[in-house]
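Numbering (UniProt numbering), first residue to last: 1 to 337. Reviewing the structure listed below.
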Amino acid sequence: MPVPSQLFPTPPIGPAIKPSSQQPNPSLWLWSVDIYTALILSFFLHLTLTSTTLINYPTMVSSTEMVIVLFSLLTISLPLMMSDTASAGTFYKDFDITWGDGRGKIVDNGKLLTLSLDHTSGSGFESKKEFLFGKIDMELKLVPGNSAGTVTAYYLSSQGPTHDEIDFEFLGNLTGDPYTLHTNVFSQGKGNREQQFKLWFDPTKDFHRYSILWNQNNIIFYVDDTPIRDFRNNEAKGTPFPNSQPMKIYSSLWNADDWATRGGRVKTDWTKAPFTASYRNFKADVSTTPNSGWVNQALDSTGQERMRMMQKNYMIYNYCTDLKRFPQGLPQECSIA
Ligand SMILES: *[C@@H]1O[C@H](CO)[C@@H](O)[C@H](O)[C@H]1NC(C)=O
């Protein structure tokens, strides 16, 4: 078992480049509003011209016709613009590609985001908004085939030396060998709370939903709505809990073949590059009305039983049982059921 604290260097924060090719869409809506205004104006202009020209200046009919042509063109283009607008999706609205010089892309009208990695660089994105609590879902499809040495990090993090962080990290593997799902929670700048899992499906064949439920009482990690980890608020017993620093959502695809796969013994096969991971169906429920389920959500006994089963069958590392690593005693939160 490799030393988990070395397993998790902070993902590289790339330069804040926003290639111009990646910022087209938020203006689409405004654009079609403009078109719509023009349409209404031209309609009235058309009416005015028609009535005045036909009555007073029959020779100007040709310009009236021009207006009619313009009007028809706009009428035809409007539905096209509107349909584009309606689906100018969440990724344009909610995220910025922050590094990777074009290797991160928002496609399919904003419904799909892809990150890629080659020998020169990986890529990454972050949310425009910050969150303080919420239920956050994202569907990911990981790098297929030989993904050894690649790491897809998907996490929430605040800023600064005493930052909080909630991590999902996917460590690639050789074709046919299982990915490792690595999780961690940082509070007040301190992490070292790794739990790792195998997955019970091939995460590269289809999209699967990875969710974080974060409220005052706990942070629950879900995979396809199945709870795998529950980090409770044990502030009263002296373990800081992330509850005051807003976090952004980040993701990056990068190379870490010095440690990621079998502790660094399996290197990335660059002949298979570029490596690509995909994201879709982002959803952040942050509404705090009394009936927002997530605000007071905790695992009931069925949920806890389910989580224990998943941990029994799929957990491959748990800091809370690593006595070698904590000779002075396990972290305080480990002793609380
Ligand atoms: C890769 O596969 C090997 C062999 O099954 C396994 O020991 C290892 O935990 C897997 N994951 C990583 C990230 O190395």
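Even glycine gets a Cβ: it sits at the ideal position worked out from N, Cα and C.
For residue 153, the Cβ stays outside the 7 Å cut-off from all heavy atoms of ligand 1. Counted as a single uninterrupted DSSP element, the beta strand (DSSP E) harbouring residue 230 occupies residues 226 to 232. Counting only residues of its own chain and dropping the five nearest sequence neighbours on each side, residue 107 has a CB closer than 8 Å to the CB of 113 and 114. In terms of side-chain proximity, the C-beta atom of residue 260 is found nearer than 7 Å to a non-hydrogen atom of ligand 1. In this structure residue 169 touches residue 151 by the C-beta definition: roughly 6 Å separates them, less than 8 Å. Proximity of the region 301 to 312 to the region 212 to 219 falls short of the contact definition, fewer than three beta-carbon pairs being nearer than 8 Å.
Approximately 7 Å separates the beta-carbon atoms of residue 195 and residue 319; this is inside 8 Å, confirming the contact. Under the three-state reduction of DSSP output, residue 251 falls in the strand class.
Between the region 120 to 139 and the region 179 to 199 there are fewer than three inter-stretch CB-CB distances shorter than 8 Å, so the stretches are not counted as touching. Here the distance from the Cβ of residue 318 to the nearest heavy atom of ligand 1 is not below 7 Å. The continuous alpha helix (DSSP H) containing residue 305 extends over residues 301 to 314.
Distance between residue 145 and residue 236, taken at the CA atoms: about 46 Å.
CA-to-CA, the gap between residue 102 and residue 281 works out to about 22 Å. Straight across, the Cα-Cα distance linking residue 164 with residue 333 is about 16 Å. Contact between the region 223 to 236 and the region 170 to 179 is absent: fewer than three C-beta pairs spanning the two stretches fall below 8 Å. Taken from the Cβ of residue 180, at least one heavy atom of ligand 1 lies inside 7 Å.
Taking C-alpha positions only, residue 229 is separated from residue 207 by approximately 20 Å. Relative to ligand 1, residue 177 has its C-beta within less than 7 Å of a heavy atom.
With respect to residue 157, residue 246 sits apart: the two C-beta atoms are not nearer than 8 Å. For residue 243, the CB stays at least 7 Å from every heavy atom of ligand 1. At least one heavy atom of ligand 1 lies closer than 7 Å to the C-beta of residue 171. Annotation for residue 218: 230, 231, 232, 233 and 298 place their beta carbon closer than 7 Å to its own, counting only its chain and skipping 5 residues before and after.
Residue 142 places its beta carbon less than 8 Å from that of residue 179.
According to the DSSP assignment, residue 90 belongs to the alpha helix (DSSP H) that extends over 90 to 94. A direct Cα-to-Cα measurement between residue 124 and residue 110 gives close to 16 Å. Between residue 253 and residue 122, the beta carbon gap of about 5 Å places them in contact (Cβ cut-off 8 Å). Between residue 149 and residue 255 the beta-carbon gap is near 6 Å, inside 8 Å, which marks them as a contact.
The shortest CA-to-CA distance from residue 210 to any of 279, 328, 161 and 263 is the one to 279.
The Cβ neighbour count for residue 291, taken over all protein chains shown within 10 Å, is under 16; the residue is labelled exposed. Annotation: residue 301 to residue 321 spans about 23 Å, alpha carbon to alpha carbon.
Of the residues assessed, residue 227 falls on the buried side of the cut-off, its CB having 16 or more other CB atoms within 10 angstroms.
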